[in-house]
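Take a look at the structure set out below.
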Amino acid sequence: MEDLKNFNLPELKKIIKEKGFEEFRAKQIFEWIYKKKVLNIEDIKNIPNKLKDEFIKKYTLSSLNIIKIQESKDGTKKILFGLLDGNKIESVIIPDKERKTLCISSQAGCGCACAFCATGKLGFKRNLKAAEIIEEFLRASLLEKIDNIVFMGMGEPLLNWQNVKKAIEIFSDKDGSNFSQTRITVSTIGIVPVIKKIADENLRFYLAVSLVAANDNLRWKLVPFNKKYPLKEIINVSGYYNKKTKKEITYEYVLLKGINDSENDAKEITKILKGIKCKINLIPFNAKLNSEFKRPDEKNILNFQKILIENGYKTFIRKEKGTDISAACGQLAGE
Ligand code: SAH
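Quick note: the sequence shown uses numbering that gives the first Met the number 0, first residue 0, plus one each step.
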């Protein structure tokens, strides 16, 4: 059965009108879904019974079930969801002082196969539908008030752009959750034509690009997708994005001991990003069991940051959160 959350408000209006009901019913239903967060059509109260019965026969409001919630010592919560076809995905609620960031998945598994990422080891299962992405948020916000959303969970959001974009548009609909797009960040391995499309479309969320390495020789080894979209193209499209949107890009850089964490690597980054309006987030590697990669020593991480800052780049080190429950970047494996 199709989930009603796959429809934006104009689409819902059209469906309702076609069934012979007044258009304003769509807004009422939208409010029940996104403001009152009902997960069953049965729980929608003030609509005609006939409309409700027709909807119950044809549609659902529940595409996920919570299999397990784990809580870390630092307050991070990892939610394991089952999809109706048996696939599993994860979302993570990350506390930072008073604020809560929800990290959501855009695909079940991931086809990018980045060498250092646990999700990549699963392979690609399938794209999530807009309704499934939205329900990650709705279910998480029934547990905690969510302040920010980051598409940094399982999957490559720009390879499921249609559904991710629709979910973002529905998140930010003022008749629904009214979640500001400026509190949403989409993270990508660098799918160049889609970045260009985003730049052209005047959307208001933030873009993060996973740099991983400062030259193609190394990036080819770590990120198979680099064969399709090499660094030069990613940097070019970043400049285009800057120009069109007037927004800065965040570059994420996973730090792998002895692989991409030398002073030379840092200097190379400062060269390739010259002229791009950006900030840099360093993510020291989060290990899973038996990983071939290691986290650099604290001293090296700080030195790497120092070089970037000295060259004029705003650079932050991502704090490790939820590692004891495998909820940190690159540890999501749907277990
Ligand atoms: N596919 C998207 C979003 C998911 S990964 C992307 O590639 O951007 C989110 C971030 O976590 C990426 O910057 C990725 O490089 C980083 N990451 C992946 N595995 C990691 C690990 N084991 N330790 C630290 N960061 C990791």
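We put the beta carbon where it would ideally sit given N, CA and C, even for glycine.
It should be emphasised that the depicted structure is a prediction, and the values quoted were computed from it without experimental measurement.
- Residue state for Pro9 is assigned as helix, using DSSP reduced to three classes.
- In the DSSP assignment, no residue is bridged to Tyr228.
- Collapsing the DSSP output to three states places Phe123 in a strand.
- Going by DSSP, Ser90 is part of no alpha helix (DSSP H) but of the beta strand (DSSP E) stretching over 87-95.
- In this structure, Tyr33 keeps its C-beta atom at 8 Å or more from the C-beta atom of Gly122.
- With a threshold of 7 Å, the Cβ atom of Gly154 counts as near the ligand SAH, since some heavy atom of the ligand is closer than that.
- Bounds of the alpha helix (DSSP H) holding Leu301 are 297-309.
- Bridge partners of Thr322 according to DSSP: none are assigned.
- Two segments are said to touch when three or more pairs of C-beta atoms, one from each, lie closer than 8 Å; by this definition the segment 200-217 touches the segment 230-245.
- For the pair Glu155 and Cys102, the CB atoms are not nearer than the 8 Å cut-off.
- Look at the beta carbons and you see the segment 39-54 not touching the segment 65-78: under three pairs across the two are nearer than 8 Å.
- For Val163, same chain residues with a beta-carbon under 6 Å away, outside a window of 5 residues either side, are Ser105, Pro156 in chain order.
- Proximity of the beta carbon of Cys277 to the ligand SAH is not indicated: no heavy atom of the ligand is located closer than 7 Å.
- If you draw a straight line from the Cα of Lys278 to the Cα of Asp264, it is about 17 Å long.
- Taking all protein chains shown into account, Phe23 has fewer than 16 neighbouring C-beta atoms within 10 Å of its C-beta and is therefore exposed.
- Beta-bridge partners assigned by DSSP to Ala207: Ser186, Thr249.
- Here the alpha carbon of Ile183 sits roughly 28 Å from the alpha carbon of Ile43.
- Taking the Cβ of Thr187 as the reference point, at least one heavy atom of the ligand SAH falls within a distance shorter than 7 Å.
- Within the DSSP bridge table, the entry for Phe315 names Asn280 as partners.
- For the pair Ser325 and Ala129, the Cα-to-Cα distance works out to about 26 Å.
- In this structure Ile93 is not in contact with Gly333, their Cβ atoms being roughly 18 Å apart against a cut-off of 8 Å.
- For a cut-off of 8 Å, the C-beta gap from Gly189 to Met153 is around 18 Å, too long to register as a contact.
- Apart from the 5 residues on each side of it in sequence, Val37 sits with its Cβ closer than 7 Å to the Cβ of Trp31, Ile43, Leu60 in its chain, given in chain order.
- Excluding residues up to 5 positions away in sequence, nothing lies with its Cβ nearer than 7 Å to the Cβ of Asn216 in the same chain.
- Leaving aside the five residues that flank Gln180 on each side, the residues in its chain whose CB is nearer than 7 Å to its CB run, in chain order, Ile167, Ser171, Leu202, Arg203, Phe204.
- Distance from the CA atom of Lys256 to the CA atom of Asn39, rounded to whole angstroms, is 48 Å.
- Arg218 has no beta-bridge partner at all, per DSSP.
- For Ile308, the number of other beta carbons within 10 angstroms of its own is below 16, and it is reported as exposed.
- The C-beta of Leu141 has fewer than 16 other C-beta atoms within 10 Å across all chains shown, which makes the residue exposed.
- Here the alpha carbon of Lys220 sits roughly 8 Å from the alpha carbon of Ala114.
- When distances are taken from the beta-carbon of Gly108 to the heavy atoms of the ligand SAH, even the shortest one reaches 7 Å or more.
- Our two residues, Arg317 and Asp296, have alpha carbons roughly 14 Å apart in a direct line.
- Counting only residues of its own chain and dropping the five nearest sequence neighbours on each side, Lys243 has a CB closer than 6 Å to the CB of Ala198.
- As DSSP reads the structure, Gln161 sits in no beta bridge.
- Within 7 Å of the C-beta of Ile88 there is not a single heavy atom belonging to the ligand SAH.
- Looking at the backbone, the Cα of Asn159 and that of Asn126 are separated by about 6 Å.
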